[in-house]
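Protein chains in written order, with our numbering: chain C, 152 to 630; chain V, 12 to 123.
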């Protein structure tokens, strides 16, 4: 039994049936991390004590013949923008190099309450700002499918860990595509739930009206299991929705026959790589073959999504990152003679280039004289984008698109051109702005054996439908 | 809109960032390139379009309720006014760069 290749249910069943122990499972993953991670760079901090204590707890339940909780003994990794009590959390930034959170992120707490074994914290772009995991203050992450290429970002570590069997499943965060795009680049499943579906309590904030936490996993079913565990109202997050959590795994079982799937022409234009187009179109054909009705439609404001995003997200980020001032936690510049100098130097030394770029852009967009032209304007365009989706969802149940215009690009290829890096998010940002859920599921490969992801976008709180469609794509892709 | 170095310095000031000369130059170039791209938003007529700061006003709340009752679910029943649980003192000071055991210590505030 290859312990590192097990899915959530198989791992839990093996521990329950005492074919293996949760401790052996955790050790198998740590051994894999020892062997493989030096060339990938996915993990920043390992939480061995915490992991082995939890594993022992699960083993003791199994030994007594008691029923394990749904993720009993299952090793998971957590993106380093989610706080973990007592375990160093850095948001991949120097400004939090030695930060030890005094509390747990709700999503992490829920996973642990369900028996999951937290292996450690995963590398990402600094403060979740990036599309390639090259903005980590510590080191970039390499794509396990091709070490000369990026894993995508900002949840690059989360995607790579799953792809390289260094975790059964991971948690990532998505603000502009940061779960879906790396999932697509690494050939794993990445689910971004509806805004408000999963509590943001304990997620180090980037853009509060956009941020989401979601799972990355090897299978659609595993993603559904994790979502079922972490979703639901949380009194600690006032934006978490009071919407009941359906059994997402049961939803998966439903057939896709009869579903109407929209294909938006704006996602299939000039910038789309021909290999990606081939894979995605083939997957859509297979869905049609399974009885889905393909409906051509238009989301006319798509081309305005990136500029809208880069105003809204950076403006919100400039506000959220104001808390890093060297006073209560994090890096403090040692040579400051005044309070003001301390703020300014701590922040300039502690933040990386991309973070500073976004803070400056966001502050500019909010500053007097520019607020109307930029921030307010972007908020109005956001409404137009939402209306595009509302119109489309009157006619279809879900929308299928490529996740990214290209497959994984080379390390270093886009670092000197921030705008080109931003444009990599072109298919993913729309869903973040609209608040709708989206999933990326592997649907094929390019000629160079690089994974291609198909993105399925759904109505608010309709993760069930997108999981169903993703399940069908997954089945078609593995036969 | 063309951004000047003076703008970058002004904005950096607002954002409490002490940029080096090199950083200022790079940011100037990047800012102009990005804002140039972002300017296409002005192509859209948004005269009667309401601004959307937060999607959850439209979704995920009980539409039949109005005003603050809509967000009543977000208030915690287990915490009464004045009895809020907070972090123990030591935990709160644990990550502090400099503390005297009671307060966070910072350099003097000097009038500029």
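Beta carbons: idealized from backbone N, C-alpha and C, even for Gly.
C-alpha gap between residue i and residue j, whole angstroms
i	j	result
residue 3 of chain V	residue 458 of chain C	Nothing can be reported for residue 3 of chain V, as the shown portion of chain V is limited to 12 through 123.
residue 211 of chain C	residue 161 of chain C	19 Å
residue 173 of chain C	residue 363 of chain C	29 Å
residue 247 of chain C	residue 286 of chain C	15 Å
residue 294 of chain C	residue 559 of chain C	8 Å
residue 316 of chain C	residue 155 of chain C	5 Å
residue 297 of chain C	residue 600 of chain C	9 Å
residue 113 of chain V	residue 100 of chain V	8 Å
residue 592 of chain C	residue 337 of chain C	10 Å
residue 586 of chain C	residue 394 of chain C	14 Å
residue 93 of chain V	residue 229 of chain C	Unreliable placement is indicated for residue 93 of chain V, whose pLDDT of 49 sits below 50; no coordinate value is reported for it.
residue 169 of chain C	residue 573 of chain C	48 Å
residue 266 of chain C	residue 379 of chain C	14 Å
residue 479 of chain C	residue 117 of chain V	9 Å
residue 204 of chain C	residue 233 of chain C	20 Å
residue 528 of chain C	residue 41 of chain V	21 Å
residue 153 of chain C	residue 171 of chain C	11 Å
residue 547 of chain C	residue 343 of chain C	20 Å
residue 201 of chain C	residue 208 of chain C	11 Å
residue 471 of chain C	residue 430 of chain C	39 Å
residue 15 of chain V	residue 34 of chain V	14 Å
residue 372 of chain C	residue 400 of chain C	6 Å
residue 360 of chain C	residue 214 of chain C	45 Å
residue 474 of chain C	residue 60 of chain V	33 Å
Cutoff 7 Å: residue i Cβ touching any chain V Cβ
i	result
residue 569 of chain C	yes
residue 464 of chain C	no
residue 352 of chain C	no
residue 581 of chain C	no
residue 346 of chain C	yes
residue 226 of chain C	no
residue 232 of chain C	no
residue 617 of chain C	no
residue 258 of chain C	no
Near the ligand FMN: residue i beta-carbon under 6 Å from a heavy atom
i	result
residue 315 of chain C	As presented, the structure is devoid of all ligands, the ligand FMN included, so that no description of it is given.
Residue-chain proximity (residue i, chain C), Cβ-Cβ < 7 Å
i	result
residue 97 of chain V	no
residue 114 of chain V	no
residue 32 of chain V	no
residue 36 of chain V	no
residue 22 of chain V	yes
residue 110 of chain V	no
residue 59 of chain V	no
residue 40 of chain V	no
residue 29 of chain V	yes
residue 92 of chain V	Confidence at residue 92 of chain V is low in this model, with a pLDDT of 48, below 50, so its placement is unreliable and no value can be given for it.
residue 67 of chain V	yes
residue 43 of chain V	no
Whole-number beta carbon distance between residue j and residue i, since they are thought to touch under 8 Å
i	j	result
residue 555 of chain C	residue 335 of chain C	5 Å
residue 605 of chain C	residue 402 of chain C	Rounded, the Cβ-Cβ distance is 18 Å, inconsistent with contact.
residue 64 of chain V	residue 538 of chain C	At roughly 16 Å, the Cβ-Cβ gap does not stay under 8 Å, so residue 64 of chain V and residue 538 of chain C are not in contact.
Contacts that residue i makes with chain B (C-beta to C-beta distance below 9 Å)
i	result
residue 51 of chain V	Of the protein chains in the structure, C and V, none is chain B.
Which residue spans inside the region 525 to 570 of chain C form an unbroken alpha helix (DSSP H) run of at least 4? 528 to 546
On the three-pair Cβ rule with 8 Å, is the region 318 to 336 of chain C touching the region 276 to 283 of chain C? yes
Taking contact to mean at least 3 C-beta pairs separated by less than 8 Å, is the region 17 to 24 of chain V in contact with the region 507 to 514 of chain C? The region 17 to 24 of chain V makes contact with the region 507 to 514 of chain C: 3 or more CB pairs, one atom from each, lie closer than 8 Å.
Would the region 437 to 455 of chain C and the region 410 to 420 of chain C be scored as touching if the rule is three or more Cβ pairs under 8 Å? yes
The region 384 to 397 of chain C / the region 349 to 356 of chain C touching (three or more Cβ pairs under 8 Å): yes
As an exercise, report each continuous beta strand (DSSP E) stretch of at least 3 residues that is fully enclosed by the region 353 to 416 of chain C, in chain order. 363 to 368, 411 to 415
Alpha helix (DSSP H) segments (min. 4 residues) lying fully within the region 155 to 225 of chain C: 159 to 167, 173 to 191, 199 to 214
Pair every Cβ in the region 183 to 201 of chain C with every Cβ in the region 303 to 312 of chain C, then say whether three or more of these pairs are closer than 8 Å. yes
Would you be able to state if there are at least three C-beta pairs under 8 Å between the region 172 to 187 of chain C and the region 253 to 263 of chain C? no
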